[in-house]
Amino acid sequence: MPDGYALAALNEAMRFRIAQFLRRFESAQVGSFDVVTRAPELLSGSNPATVTINVFPWRFELNANWQSSREPAYGAGGERRANSWLALDIKYVVCGYGPDPDLDRALGIALLALHETPRLSAEILEAVSSGTFEDNSPLPQALRDLIDQPAPLKVTPVSLTMEVQSQLWSMMNAGLRPGMTYEVSTLLMEYKAPRGAALPVAEPRLGVTLLRRPHIARMRFSPGPPAQPVWSDQPVASPGDLIALTGSGLRGDINEVAIGKRIVALPDEDVHGDRIETVLPADLRPGVVTIQVRQRWPKPVGEIPPASTGTIPAETSNLLPAAIRPVLDGPAVTLGDRQVDDDVVSFTATVHFAVALGRSQKAELLLSARAADDNGRFAAFVFESPTPGMPAPGVPDTAVSSRTFPIVGVPEGDYLMRVRVDDAESALERNADGYVGPVLTVPR
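Every number in the working numbering is 976 more than the matching position in the sequence shown, counting from 1.
Dropping the structure here:
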């Protein structure tokens, strides 16, 4: 990789390419010439006797894509792990100085040289490195390092507005000269510092196992655990229900089911090659979750202490969505803070849950009238429980066993009540006549 001499090597390559192209023409056509890399203000007052083509790097910009393509240089403990890249896109101005008419001819050929060089190829850089340099010059090696860098060195003409062009020459404190601007991208440089070396491996601990590629083809739930499960393909369940997963490759060395962020370890008797049947945790938080089978491997054993302990993650199955119902406690709801303003009744309904939910989870109270109104319609209402906002990243949501809903403008009567937590609804009670509960009675 190029080091700190890379910029000087790139300047030499740009200068060489223009000079190489000019030499293809007879001296009678272009006269004598020089190709240099100098600040324009150093040439503007010198009035050189021979034609001088100047190729000068006037602006450097970071290339964010290449800059971030390597791992950080330092680890968490401050040890050096890698040599980070300094990735630069470099703007060049190419202009000419000297007597007319030789200047126009030489400048035109110089611009044509870069037009015919969309990139500084390995052949060009190798030719530059084979030139004549001072003894112990670092440039030949720096040029060879440019060949090995992973980013190509593309040469692209850049058009500047009159305003930017005026600012450029004013900034360099030099009079306006005919010429063009180019961008060379991308130059990579690194400081070749020694990196921290890890200790040698005392004993490689390797293991061989069969890849199973677990896949869930079907997911079913049953209220449970009864002696005879009644399975349903609806992806809706309550805490404590049975879950059955069928598919392929579901049995691994160590097996578990991920239900959202909850990990449930599976005993061997619950897992077969094509089927898993287990019980959902009784304290499973309500909401919409994903179901996934995860397999782990025991760490390979070795002969050198300490002994291997624990497991390592292995394969995972596809994800399937499911809704975990909120479970209401008894009594399901208590009313309070009743007020009447212009014949409009308002109060609060505090719903109690048998299984805790998150304090910041979205919770809605759904009320459906049990009796039709004078127009034959069954009124329905939705009220949302206020939340304190989402917790800070990394802070778990506080578990609560009740949520309060402000109720306004609901006519008196009996209403079937459901609670929806993150789009998962609580179940209604039913008998042969239909839905019968839970019921919220709105007072007068």
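For glycine and all other residues, C-beta sits at the position ideal for the given N, C-alpha and C.
Residue closest to residue i, alpha-carbon to alpha-carbon, out of the options
i, options, result
"Leu1341", "Asp1398, Thr1162, Ala1058 and Pro1364", "Asp1398"
"Val1255", "Ala1098, Gly1249, Leu1087 and Phe1197", "Phe1197"
"Arg1251", "Asp979, Ala1193 and Met1393", "Ala1193"
"Gly1074", "Ser1008, Asn1407, Tyr1068 and Val1415", "Ser1008"
"Ile1267", "Ser1293, Tyr1391 and Gly1286", "Ser1293"
"Leu983", "Asp1373, Met1165, Ser1214 and Arg1335", "Met1165"
"Arg1301", "Pro1274, Gly980, Ile1235 and Val1212", "Val1212"
"Ala1339", "Ser1378, Glu1279 and Gly1352", "Ser1378"
"Arg1474", "Gln1043, Ala1234, Val1104 and Val1384", "Because the chain in this structure spans residues 977 to 1420, residue 1474 falls outside the shown range and cannot be described."
"Ala1403", "Gly1151, Pro1199 and Met1195", "Pro1199"
"Trp1042", "Ser1060, Thr1028 and Tyr1158", "Ser1060"
"Pro1116", "Ala1325, Tyr981 and Pro1257", "Tyr981"
"Leu1062", "Lys1168, Ala1015 and Arg1181", "Lys1168"
"Glu1159", "Gly1365, Asn1039 and Val1012", "Asn1039"
"Val1027", "Leu986, Leu1018, Arg1035 and Pro1077", "Pro1077"
"Ile1156", "His1091, Leu1218 and Asn987", "Per the sequence shown, the amino acid found at residue 1156 is Met instead of Ile. For Met1156, the nearest C-alpha among the options comes from His1091."
"Gly1183", "Ser1208, Pro1274, Arg1120 and Ala1241", "Pro1274"
"Asp1317", "Asn1023, Val1384 and Ser1113", "Val1384"
"Met1147", "Trp1034, Leu1087, Arg1057 and Gly1051", "Trp1034"
"Ala1178", "Asn1231, Gly1278 and Pro1372", "Gly1278"
"Ala1386", "Ile1280, Val1321 and Pro1276", "The displayed chain sequence assigns Val, not Ala, to residue 1386. Nearest C-alpha to Val1386: Val1321."
"Leu1088", "Asp1319, Ser1106 and Leu998", "Leu998"
"Arg1396", "Asp1409, Gln1125 and Phe1381", "Phe1381"
"Val1376", "Asp1080, Glu1253 and Arg1261", "Arg1261"
"Leu1296", "Asn1351, Asp1244 and Gly1236", "Gly1236"
Which of helix, strand or coil DSSP assigns to residue i
i, result
"Phe997", "helix"
"His1328", "strand"
"Arg1056", "strand"
"Asp1111", "coil"
"Glu1179", "coil"
"Trp1034", "strand"
"Trp1061", "coil"
"Asn987", "helix"
"Trp1207", "coil"
"Arg1196", "strand"
"Leu1295", "coil"
"Ser1402", "coil"
"Ala1348", "coil"
"Arg1379", "strand"
"Gln1141", "helix"
"Leu1260", "coil"
"Glu1099", "helix"
"Asp1390", "strand"
"Val1160", "strand"
"Ala1025", "coil"
"Glu1279", "coil"
"Phe992", "helix"
Residue-chain proximity (residue i, chain D), Cβ-Cβ < 8 Å
i, result
"Arg1396", "The structure shown has no chain D; it contains just one protein chain."
Backbone CA spacing between residue i and residue j [nearest angstrom]
i, j, result
"Glu1037", "Ser1045", "16 Å"
"Gln1315", "Phe1323", "6 Å"
"Phe1001", "Thr1162", "31 Å"
"Thr1093", "Asp1111", "30 Å"
"Met990", "Glu1291", "53 Å"
"Gly1370", "Ser1336", "14 Å"
"Leu1239", "Thr1374", "Sequence check: residue 1239 is Ile here, not Leu. About 19 Å."
"Gln1204", "Ser1214", "17 Å"
"Arg1394", "Met1195", "25 Å"
"Gly1389", "Gln1210", "32 Å"
"Ala1127", "Leu1064", "11 Å"
"Pro1154", "Leu986", "23 Å"
"Leu1019", "Asp1010", "12 Å"
"Met1259", "Ile1280", "Sequence inspection shows Asp at residue 1259; the Met mentioned does not correspond to that position. Those two C-alpha atoms are separated by around 43 Å."
"Asn1149", "Val1140", "14 Å"
"Glu1017", "Ser1106", "31 Å"
"Ser1284", "Pro1180", "12 Å"
Distance cut-off 7 Å: residue i Cβ against heavy atoms of the ligand SAM
i, result
"Arg1406", "Judged by which ligands are present, the structure shown has none, so any question about the ligand SAM falls away."
Same chain, Cβ closer than 7 Å to residue i, five either side skipped, listed in chain order
i, result
"His1191", "Gly1223, Ser1224, Gly1225, Ser1293 and Asn1294"
"Ser1344", "Phe1354, Ala1356, Tyr1391 and Leu1392"
"His1248", "Arg1227"
"Thr1310", "Thr1326"
"Ile1288", "Arg1272, Trp1273 and Lys1275"
Same chain, Cβ closer than 6 Å to residue i, neighbours up to 5 away in sequence not counted
i, result
"Ile1123", "Ala1098 and Leu1101"
"Leu1096", "Ala989 and Leu1129"
"Gln1299", "It is worth fixing the name first, because residue 1299 is Ala in this sequence and not Gln. Hits under 6 Å: Val1212, Val1264 and Ala1400."
"Ala1241", "Glu1232"
"Gly1051", "Arg1057"
"Leu1079", "Val1027 and Gly1072"
Nonlocal neighbours in the same chain, by C-beta distance under 8 Å from residue i, ignoring five residues either side
i, result
"Arg1014", "Asn1030 and Phe1032"
"Pro1048", "Arg1057, Ala1058 and Ser1060"
Q.
Check whether the stretch 1327-1339 and the stretch 1294-1308 touch, using three or more Cβ-Cβ pairs below 8 Å as the test.
A. Yes, the stretch 1327-1339 is in contact with the stretch 1294-1308.
| task | Report yes or no: do the stretch 1401-1420 and the stretch 1355-1363 share at least 3 C-beta pairs separated by less than 8 Å? | result | Short answer: they don't touch.
Is the stretch 1094-1107 touching the stretch 1055-1070 in the sense that three or more CB pairs, one from each, lie closer than 8 Å? No: the two stretches stay apart, fewer than three of their Cβ pairs being nearer than 8 Å.
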